[in-house]
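See below for the structure under consideration.
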Amino acid sequence: MYYLGVDLGGTNIAIGLVNEEFKIVFKGKVPTGASRPVSDVMDDMAALCASVVKKAGFTFEDVAYAGIAAPGSVDPKNGVVRYSNNIKMENFPICEELKKRIPLKTIYLENDANAAALAEAKAGAGKGCSSLVMITLGTGVGGGIVIDGKLYSGFNYSGAELGHTVIEMGGRPCTCGRLGCFEAYSSATGLINMTKEKMMDNVNSMMWDLAKNNIERVNGLTAFDAAKKGDKAGKEVVDMYIKYLACGLTNMINIFQPEVLCIGGGVCGEGNYLLKPLIKSVRRAEYGAATQTNFCQIKIAELGNDAGIIGAAALGL
Numbered sequence: 022m023y024y025l026g027v028d029l030g031g032t033n034i035a036i037g038l039v040n041e042e043f044k045i046v047f048k049g050k051v052p053t054g055a056s057r058p059v060s061d062v063m064d065d066m067a068a069l070c071a072s073v074v075k076k077a078g079f080t081f082e083d084v085a086y087a088g089i090a091a092p093g094s095v096d097p098k099n100g101v102v103r104y105s106n107n108i109k110m111e112n113f114p115i116c117e118e119l120k121k122r123i124p125l126k127t128i129y130l131e132n133d134a135n136a137a138a139l140a141e142a143k144a145g146a147g148k149g150c151s152s153l154v155m156i157t158l159g160t161g162v163g164g165g166i167v168i169d170g171k172l173y174s175g176f177n178y179s180g181a182e183l184g185h186t187v188i189e190m191g192g193r194p195c196t197c198g199r200l201g202c203f204e205a206y207s208s209a210t211g212l213i214n215m216t217k218e219k220m221m222d223n224v225n226s227m228m229w230d231l232a233k234n235n236i237e238r239v240n241g242l243t244a245f246d247a248a249k250k251g252d253k254a255g256k257e258v259v260d261m262y263i264k265y266l267a268c269g270l271t272n273m274i275n276i277f278q279p280e281v282l283c284i285g286g287g288v289c290g291e292g293n294y295l296l297k298p299l300i301k302s303v304r305r306a307e308y309g310a311a312t313q314t315n316f317c318q319i320k321i322a323e324l325g326n327d328a329g330i331i332g333a334a335a336l337g338l
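First residue of the sequence shown? That's 22 in our numbering, and the numbers climb one at a time after it.
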């Protein structure tokens, strides 16, 4: 049997036909055109579903169901996107609207970060494990929780906002309105802000050369690249970033004690340069470390941009 996974993003709609082993048989994408009427977005989504199935050499009769991974606040039980800022959906019955356009009776819905966590649990860094927490380090800090192989999102489907736990009382302002959130320090945005601040205090730092003397060209890798070249200010940024990231991850481990905690996002491309000191810092801080024999495994997410598709396709399993 095959399943359609729909990853609805603010920039692109990516859709894949996924088999029972969570392998993508065929996939395609089209621009979302998020500023358009939502009916146009749905028309393109349906057309891409049909195209992917056909180009894979199948028909909709070979497809058990479709799953949609959508940004924002969603109601999986009723198939409704309650609110999505980027795509301008509000109380939108996305599953029913897709059913009107493609011949499938069953369509599931989940938040995109939750779907990515489910994908990693089923087919990625947590494959074979019963519990996993995923942290995505992008513009913000997203999260997903899988317990006993099932997603946990709270009684109102608004849980797992792990980026909005406070790690610095009275600290940096967060977009959610609180001060000192995990997201304000450990997102790519937080890393960039820390880098810029350090550069302003260190005019001779190599980070200026890497940014071509334009502070607006700073990205999430600027400090890491400088640190690898021996730049003191760059290393200070990296050390501070890892300190805050370790704090947030330790909190997640102390709360959930999952078998696997995986992290995803562009900064994870640093591999062991990030992971080794991060794990060392977490191990020093996590509760009961001195007497534990079984530790949560901290890993880098494995599925990359395919996580949304695979997770959406796994929603009915």
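C-beta atoms are modelled at their ideal positions from N, C-alpha and C, and glycine is treated no differently.
Counted as a single uninterrupted DSSP element, the alpha helix (DSSP H) harbouring residue 243 occupies residues 243-249. When rounded, the separation of the alpha-carbon atoms in residue 174 and residue 90 is 14 Å. When DSSP states are grouped into helix, strand and coil, residue 227 belongs to the helix group. Secondary-structure assignment with DSSP links residue 300 through no beta bridge to anything.
Using a Cβ distance threshold of 9 Å, residue 88 and residue 106 do not count as a contacting pair. The Cβ atoms of residue 95 and residue 118 lie no closer than 9 Å to each other.
Contact between the segment 190-209 and the segment 312-332 is absent, with fewer than three C-beta pairs closer than 8 Å. With a beta-carbon spacing of about 12 Å, residue 332 and residue 153 fall beyond the 8 Å limit used to define contacts.
Under the 10 Å beta carbon count, residue 311 is surrounded by fewer than 16 other beta carbons and is classified as exposed. Boundaries of the alpha helix (DSSP H) around residue 269: 253-277. The beta carbon of residue 298 is closer than 7 Å to those of 263 in its chain, skipping five residues each way along the sequence. Non-local C-beta neighbours of residue 85 in its own chain, meaning closer than 8 Å and more than five positions away in sequence, comprise 22, 23, 24, 127, 337, ordered along the chain. Of all alpha-carbon atoms in 111, 293, 163, 123, the one lying nearest the alpha-carbon of residue 136 is that of 163. About 7 Å separates the CB atoms of residue 328 and residue 145; that is less than 8 Å, so the two are in contact. Assigned with DSSP and collapsed to three states, residue 27 falls in strand. Remark: C-beta atoms of residue 188 and residue 286 do not approach each other more closely than 9 Å. Counting along the chain, the unbroken beta strand (DSSP E) around residue 283 starts and ends at 281-285.
Taking C-beta atoms under 8 Å as the contact rule, residue 302 and residue 248 fail to qualify, at a distance of about 16 Å. The C-alpha of residue 251 lies about 38 Å from the C-alpha of residue 148. For residue 204, the three-state secondary structure derived from DSSP is helix. In the DSSP assignment, residue 38 falls within the unbroken beta strand (DSSP E) covering 33-39. Using a 10 angstroms sphere on the CB of residue 141, the tally of other CB atoms reaches 16 or more, which defines it as buried. In this structure, residue 184 keeps its C-beta atom at 9 Å or more from the C-beta atom of residue 166. The C-alpha of residue 33 lies about 30 Å from the C-alpha of residue 168. Taking residue 244 as reference, the option from 211, 256, 204, 265 with the minimal CA-CA separation is 256. In this structure, DSSP gives residue 110 an extended state, which the three-state scheme calls strand.
When C-alpha distances from residue 52 are compared across 305, 143, 98, 61, the shortest belongs to 61.
If you draw a straight line from the Cα of residue 170 to the Cα of residue 288, it comes to about 27 Å. In this model, residue 216 and residue 307 are separated by some 27 Å (Cα to Cα).
The alpha-carbon of residue 67 is positioned some 6 Å away from that of residue 122.
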